[in-house]
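K.L.:
Sending over a structure as structure tokens; questions will come in a sec.
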Amino acid sequence: TGILVTDAQEIQGAWIRINEKYAESSSLLNKISEATAKFMNVGEIEDADNAVKLINASMLQFNLSVDEGIEALNKWVYMADRTAMGTADEYGESISKFGAQIAQYNGTMDDAIVLTSLLGDRIAKTGQEAGTSLKTITSYVYRDSTRNLFSQLAEDAK
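First residue of the sequence shown: 1258, per the numbering used here; consecutive thereafter.
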């Protein structure tokens, strides 16, 4: 992946500190570490612990397997190249802020990526600001009073 041995060791160490299951499977550890190294390179993240925390938070919020987590990272990179949300780490920052909330209402990682892209393109926020804004928006949308209002509006429109 074009990374230094010390960087690879830091990434692997960070994954093992997060979850010991990675120490038990070298193939699993190598797979997630390689994806993390690529993410760090294109996401402009210099600290392995921060990169692993972003990735792990998103994987946990959506209950993703390692392969699904790697697929999500690839989508972050793809979308960062095509939207105002400039780097892949911005997607991680955003999704780590509101992912659990959207997942609670059966939202997917793809939903979170789309919402981050839309907000990033329209408002050009940072990942943290986008995530905080999306968390606020989804909180209001899923409140009982808001859902009741939407139901009433739907009834009135009939």
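No residue lacks a Cβ here, since even glycine has one placed at the ideal position from N, Cα and C.
In or out: D1401 buried (at least 16 other Cβ within 10 Å) or exposed?
P.N.:
Numbered from its first residue, the sequence shown carries residue 1401 at position 144. D1401 should be labelled exposed.
K.L.:
What is the rounded straight-line gap between the Cα of Y1348 and the Cα of N1287?
P.N.:
If you number the sequence shown from 1, residue 1348 lands on position 91. If you number the sequence shown from 1, residue 1287 lands on position 30. Near 23 Å, if we compare the C-alpha coordinates of N1287 and Y1348.
K.L.:
Give the secondary structure of R1379 by DSSP, where H, G and I count as helix, E and B as strand, and everything else as coil.
P.N.:
What you label residue 1379 is simply residue 122 of the sequence shown in a count that begins at 1. R1379 falls in the helix class under three-state DSSP.
K.L.:
Does DSSP put S1322 in a helix, in a strand, or in coil?
P.N.:
As a first step, residue 1322 is located in the sequence shown; it is residue number 65 there, counting from the start. Coil at S1322, not helix or strand.
K.L.:
Run through DSSP, which three-state label would R1404 get?
P.N.:
By 1-based counting over the sequence shown, the position of residue 1404 is 147. It is helical.
K.L.:
Can you give the Cα-Cα distance for F1407 and E1267, rounded to whole angstroms?
P.N.:
Residue numbering aside, residue 1407 sits at position 150 when the sequence shown is read from its first letter. Residue numbering aside, residue 1267 sits at position 10 when the sequence shown is read from its first letter. Rounded to whole angstroms, F1407 to E1267 spans 49 Å at the Cα level.
K.L.:
Can you tell me which of the three DSSP states T1395 falls into?
P.N.:
Taking the first residue of the sequence shown as position 1, residue 1395 is located at position 138. Helix, per DSSP.
K.L.:
What does the Cβ neighbour count give for E1350, buried or exposed, with the cut at 16 atoms within 10 Å?
P.N.:
Residue 1350 sits at position 93 when you count from the first residue of the sequence shown. Classification of E1350: buried, given that the 10 Å Cβ count is 16 or more.
K.L.:
Mapping the DSSP letters down to three states, classify K1332 as helix, strand or coil.
P.N.:
Your numbering for residue 1332 matches position 75 in the sequence shown. It is helical.
K.L.:
Does DSSP put T1258 in a helix, in a strand, or in coil?
P.N.:
Along the sequence shown, read from residue 1 onward, the residue named residue 1258 stands at position 1. At T1258 the pLDDT is 45, less than 50, meaning the model places this residue with poor confidence; the figure from the coordinates comes in the next sentence. Here T1258 sits in coil by DSSP.
K.L.:
With DSSP run on the structure shown, which of helix, strand or coil describes E1267?
P.N.:
As a first step, residue 1267 is located in the sequence shown; it is residue number 10 there, counting from the start. In the structure shown, E1267 sits in a helix (DSSP, three-state: H, G or I).
K.L.:
What would DSSP say about T1338, mapped onto helix, strand or coil?
P.N.:
Locating residue 1338 in the sequence shown gives position 81, counting from the first residue. Position check: residue 1338 holds Asp in this sequence, whereas Thr was assumed. Three-state result, D1338: helix.
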